[in-house]
Amino acid sequence: MVHRDELRENLIKKCRDGQKFAKQAIYALHREDFKKAKKLIDDCEKCVLEQLIPIVKEESQLRYGSFANVLEEYAEAKLFYAWLVGDGDGEDVIVKNAAGKVLLPNDFATIPLEPEEYLGGLADLTGEIGRFAVKKGTLRDTENVKLSLETDMSILYAFESLCKLPGGGVAKKMDQLRRSVEKLEKMLYELSLSQATGRKITAGVNEFESSKD
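Residue numbers for the sequence shown follow numbering that gives the first Met the number 0, beginning at 0 and rising by one.
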């Protein structure tokens, strides 16, 4: 029991580094610093593979909790990177339009994910796409806002088509996901109205900004 407690404390401590790498990667993606984002995602993978997984292999019950949270954050970062950049390596990338690519569970070969970890990251991806859409909406970039809405709607429909969602954490994200779709629909409508009338409308910015974690 003493050894297990030591493993748990060590895991929690090391998980902070992995989660920090993933969060910083997401921030870098919003700043369009794709090279840094790719490096931070690689750093997160290295942390998970070299520092976290050996502990979880020794004590399998520790997979849930802090470790699962790191994997969910990692999934979100990697999903957002692929959605923006596609298969690029981050070197000298300039993204005018998002690639719109959504990774599937099998695409996470380096670090296999449990269904709840993948779906949790996928649900959180919709919020990042919403923030991306706000930035493009202020520039009246209808094409990227439309792609953002289409992606979030596809994810929402995919979730609703599942007979049962794994774990309570993923189910709790459904309301957030629906709100993201509603805000993007309103944003696209306001953009269309703005373009038709010539009025200056800040499309949905306040709503998405107030919903940040």
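Think of the CB as a built atom: it goes at the ideal place given N, C-alpha and C, for glycine as much as any other residue.
Given residue i, which residues of its chain have a CB within under 6 Å of its CB, disregarding the five upstream and five downstream residues?
i: R62; result: V55
i: T196; result: none
i: L6; result: I54, E58
Using CA atoms only, rank isn't needed, just tell me which of the options is closest to residue i.
i: P235; options: W82, L121, A98, R177; result: Because the chain spans 0 through 212 in this model, residue 235 falls outside it and cannot be assessed.
i: L51; options: L176, I11, H29, D32; result: I11
i: P111; options: V47, A132, R177; result: V47
i: K145; options: F20, N96, K35, D174; result: N96
i: S147; options: K135, A157, Y156, F158; result: K135
i: F20; options: A108, L6, N68; result: N68
i: D16; options: E49, A27, M0, S160; result: E49
i: Q175; options: L124, E149, E8; result: L124
i: D4; options: A27, K38, K37, Q60; result: Q60
i: M173; options: S160, K185, E184; result: S160
i: T150; options: K38, L102, E113, E8; result: L102
Skipping 5 residues on each side, what residues in its chain have a beta carbon closer than 7 Å to that of residue i?
i: H2; result: none
i: D212; result: Model confidence at D212 stands at a pLDDT of 46, short of 50, so the residue's coordinates are unreliable; what they give is reported in the following sentence. Cβ neighbours of D212 beyond the five flanking positions: none.
i: S65; result: L10, I11, C14
i: A36; result: A24, A27, L28, Y80, G89
Just to check my reading of the structure: residue i and residue j have Cβ atoms closer than 8 Å, yes? What is that Cβ distance to the nearest angstrom?
i: F79; j: I154; result: Their Cβ separation, rounded to whole angstroms, is 12 Å, which puts F79 and I154 out of contact at 8 Å.
i: Y117; j: A74; result: 6 Å
i: E72; j: Q18; result: 5 Å
i: G168; j: G126; result: Between G126 and G168 the Cβ distance is about 15 Å, and since that is not below 8 Å, they are no contact.
i: M152; j: V180; result: 6 Å
What residues in its chain sit with their C-beta under 8 Å from that of residue i, if we drop five residues either side in the sequence?
i: K100; result: A81, W82, G85, D86
i: T141; result: L187, L190, S191, Q194
i: S209; result: For S209, the predicted structure reports a pLDDT of 46, less than 50, and the residue's modelled location is therefore unreliable. A value from the coordinates is still provided. No residues qualify anywhere along the chain.
i: F131; result: H29, L83, A97, N143, S147
i: R177; result: L155
i: F107; result: A74, K77, Y117
How about residue i: is its Cβ closer than 7 Å to a heavy atom in the ligand HEM?
i: I110; result: No copy of the ligand HEM occurs in the structure displayed, which carries no ligand at all.
Just checking: is the beta-carbon of residue i within a distance shorter than 8 Å of some beta-carbon in chain D?
i: C43; result: The structure shown contains no chain D, having only a single protein chain.
Please give the ranges of any alpha helix (DSSP H) in the stretch 160-188, keeping only runs that are unbroken, at least 4 residues long and fully inside the region. 166-171
Give, in chain order, every unbroken run of the alpha helix (DSSP H) that is at least 4 residues long and sits entirely within the stretch 42-119. 52-57, 65-84
Given 8 Å as the limit, is there contact between the stretch 35-46 and the stretch 122-140, that is, 3 or more CB pairs closer than that? no
Sequence ranges, alpha helix (DSSP H) only - wholly within the stretch 123-166, length at least 4: 141-160
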